[in-house]
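First residue of the sequence shown: 1, per the UniProt record's numbering; consecutive thereafter. Quick reminder that beta carbons are idealized off the backbone N, C-alpha and C, glycines included. Each remark here refers to the structure printed beneath this line.
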Amino acid sequence: MIERRRTRILGQETIRRLLSEATRAALARRPARTGFARRAGMPFAATQSLITSYDKSDVRFTYDLGGPGATDNDITMINGNDQSFKQVSQELRLQSTGKGPLRWIAGFYYFHESSLLGQNMGFGPFNGGTGAGGAAALLLLAGDPYSNQAAFSIARLKNEVLSPYGQVEYDISRKVTVSFGLRYTDDKKRAPSLFVGNVGTGTLGRDQFRSNEVIGSLAGGLPLCDLDGDGNLAGGTPDNRGKPCSQILSPDDIRAKEWGGKVGIDFKLADDTLLYVSASRGFRSGKHDIEFFHGPQTGFAREDQQVETLDAFEVGLKSELFDRTLVLNAAVFYYIWKDQQFFDVNPNTGPVFINVPESQLKGAEIELRWNPGSGFSAQLSGGFLDSEVTDAGTDPSGLVQKGHALPFAPKYSANALVAKEFEIGDNKLRLQADLQYLSKSKGFLRDVNYVDAIGSSVFLNTRATWSFGADHRYDLSVYATNLTGQTRCEYKRDLFAFSGAAYCLPNSGRTLFGAEARVKF
1 MIERRRTRIL GQETIRRLLS EATRAALARR PARTGFARRA GMPFAATQSL
51 ITSYDKSDVR FTYDLGGPGA TDNDITMING NDQSFKQVSQ ELRLQSTGKG
101 PLRWIAGFYY FHESSLLGQN MGFGPFNGGT GAGGAAALLL LAGDPYSNQA
151 AFSIARLKNE VLSPYGQVEY DISRKVTVSF GLRYTDDKKR APSLFVGNVG
201 TGTLGRDQFR SNEVIGSLAG GLPLCDLDGD GNLAGGTPDN RGKPCSQILS
251 PDDIRAKEWG GKVGIDFKLA DDTLLYVSAS RGFRSGKHDI EFFHGPQTGF
301 AREDQQVETL DAFEVGLKSE LFDRTLVLNA AVFYYIWKDQ QFFDVNPNTG
351 PVFINVPESQ LKGAEIELRW NPGSGFSAQL SGGFLDSEVT DAGTDPSGLV
401 QKGHALPFAP KYSANALVAK EFEIGDNKLR LQADLQYLSK SKGFLRDVNY
451 VDAIGSSVFL NTRATWSFGA DHRYDLSVYA TNLTGQTRCE YKRDLFAFSG
501 AAYCLPNSGR TLFGAEARVK F
């Protein structure tokens, strides 16, 4: 029997966005979860599942964004991040077990997160240059005295999600099945406290990590940033923007009440071939703007992000051929994205959150999996993606350009994998190699001279795994990643307004060798 599950090549990030932001963030941030599940027979031919999870993590990291620029100024910019997260989720799910033509699933999902997100940007000494980038930075930050200060924000955030859902499948005939799913989501975000300001850093060592505690101690006793209550957005007012100051803000709640769902129809062309058609809608809730550069400490307006929606349409074919030794999957898809959320850097005012009014994506994917036996397996997949901003809105900043491709959306991609398993007594040895190709793509939502392009890349990885114990419970692996030594920008930023340069966050650019051990419970 052919299952409807399939592995997407280009669409992984797209599909993740179909989830609410809270769920998506949990999946993206956490490498593992703990919890339990309970199943019990029900008198109406259904099973019950109860899944609970709890996560707590603390994250601290620093980016060095400084260095010589294209102009005659040098600037030291150190971005510090001190974050903590606590998450609890609960899901109750009922699933039918009857053998009739009707199958259904219904459930309720609850999620709660409390977080403390601190970020700051510290500026070291300027060299006094007068290039465009340096001049903009000095003007923004109230002159050279600011070169020993840090702009900061420390936000306490709460996120609560309530989401009932259900899905029904019905066999119209032996060859045709229709499905309908619906989900309602109430996503509420609160920011009980947003502490912002500018602090002097002259007493700190250049390499000292500026934690939330350190920033808080430096901010004690400072005057308010916004003295006249006008939001500190107009020039010439008697405020302390760009100067040492601190202030506690109380942003409005952000709440999204949205419906999402999916309709589909499956045609069983043969016992080993399935054709399907589907249409679905998902959304991503808005979020608070807690950037260190937005607020009365700098005079630049805070801009919370709006809800983002995605309508997805797909036609696909799944088949299992030659006694299931060969799997062939193919699909074409078309997406309409409205108010897609992006983080960018305005060359004139610094970091900004934006919603792209509308963009469209269309593409195709094909996947081959071959398992001829004797422990050998191979996979080959490829994809094509065409993305375009179809509505740039009326944003005067020009950050979004109509007709431009979406950033980090390569037009072509391909993956190949070969593996061989050896049975050695009661143990198993698996040797594997995989190759990934990504074509060049754009780095921004607009043309930005020479910094817009992201080059093509090829990555080669290998792994050897020894499995032993009862039911191969234990795994010992050695691996090598990026044997091609490929370098690639994970993302780019236009920082000409601050340092006269562009910024690239690169991958390691080197081959990584490692080992790991796993125990299955």
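- Message: With distance defined between alpha-carbon atoms, name the residue in Thr97, Thr52, Asn120 and Thr62 nearest to Ser89.
- Response: Thr52
- Using DSSP with H/G/I as helix, E/B as strand and the rest coil, what is Val214? helix
- Item | Residue from Gly455, Glu308, Ser246 and Met121 with nearest C-alpha to Gly350 | Met121
- Within 8 angstroms, strictly: CB atoms of Glu308 and Asp289: no
- According to DSSP, what are the bridge partners of Gly261? Leu182 and Arg281
- Measuring CB to CB, does Ser377 end up less than 8 angstroms from Ala409? no
- Task: Express the C-alpha separation of Phe343 and Val168 in angstroms, rounding to a whole number.
- Result: 38 angstroms
- Could you say if the stretch 176-185 and the stretch 263-271 meet the contact criterion of at least three C-beta pairs nearer than 8 angstroms? yes
- Can you give the Cα-Cα distance for Asn507 and Met77, rounded to whole angstroms? 20 angstroms
- Would you decide whether Phe123 is buried or exposed? Buried here means 16 or more other CB atoms lie within 10 Å of its CB. buried
- Indicate whether Gln87 and Asp55 have their beta-carbon atoms separated by less than 8 angstroms. yes
- Task: For Gln95, write down the residues that DSSP places opposite it in a beta bridge.
- Result: Thr47 and Ile105
- Message: Can you tell me whether Pro296 is buried or exposed? The criterion is at least 16 other CB atoms within 10 Å of its CB, across all chains shown.
- Response: buried
- Query: What do you reckon, are the CB atoms on Leu117 and Gly107 nearer than 8 angstroms?
  - Reply: no
- Ends of the beta strand (DSSP E) at Phe313? Glu308 to Leu321
- Message: Please report whether the beta-carbon of Leu445 lies at a distance below 8 angstroms from any beta-carbon of chain B.
- Response: In summary, chain B is missing from the structure at hand, where a single protein chain is found.
- How is Asp434 classed by DSSP in three states: helix, strand or coil? strand
- Item | Test item: CB-CB of Ser280 and Gly299 under 8 angstroms | no
- In terms of alpha-carbon separation, which member of His404, Trp370, Ser211 and Gly98 lies closest to Ser319? Trp370
- Determine the extent of the beta strand (DSSP E) in which Arg463 is found, giving its start and end residues. Ser457 to Phe468
- Message: Taking the beta carbon of Val448 as the centre, do at least 16 other beta carbons fall within 10 Å, making it buried, or is it exposed?
- Response: buried
- Proximity below 8 angstroms, CB of Val380 to CB of Gly363: The sequence as given places Leu at residue 380; Val does not occur at that position. For Leu380 and Gly363, no; Cβs fall outside 8 angstroms.
- Is Pro251 near Ala330, with beta carbons less than 8 angstroms apart? no
- Item | Which of helix, strand or coil DSSP assigns to Asn427 | strand
- Message: Buried or exposed for Gly133, going by 16 or more other Cβ atoms inside 10 Å?
- Response: Because the pLDDT of Gly133 is 40, which lies under 50, any placement of that residue in the model is unreliable, and the question is left without a value.
- Message: Phe292 and Phe152 - do their beta-carbons sit closer together than 8 angstroms?
- Response: yes
- Message: Rounded to whole angstroms, what is the Cα-Cα separation between Tyr412 and Lys243?
- Response: 49 angstroms
- Query: From Leu321, Thr325 and Pro357, pick the residue whose C-alpha is nearest to that of Leu310; which is it?
  - Reply: Pro357
- Item | Cβ pair Ser84, Ser115 closer than 8 angstroms | yes
- Using CA coordinates, which residue listed in His472, Thr484, Ala45 and Lys287 is at the minimum distance from Lys99? Ala45
- Bridge partners of Arg518, per DSSP? Asp475
- Message: Give me the residue from Gly383, Ile424 and Tyr165 with the minimum Cα distance to Leu438.
- Response: Gly383
- Query: Within 10 angstroms of its Cβ, does Gln149 collect 16 or more other Cβ (buried), or is it exposed?
  - Reply: buried
- Would you identify the three-state DSSP class for Asn507, choosing helix, strand or coil? coil
- Query: Tell me which same chain residues have a C-beta within less than 6 angstroms of the C-beta of Tyr491, skipping the five on either side of it?
  - Reply: Leu505
- Query: Do the stretch 421-430 and the stretch 392-400 make contact, defined as three or more Cβ pairs closer than 8 angstroms?
  - Reply: no
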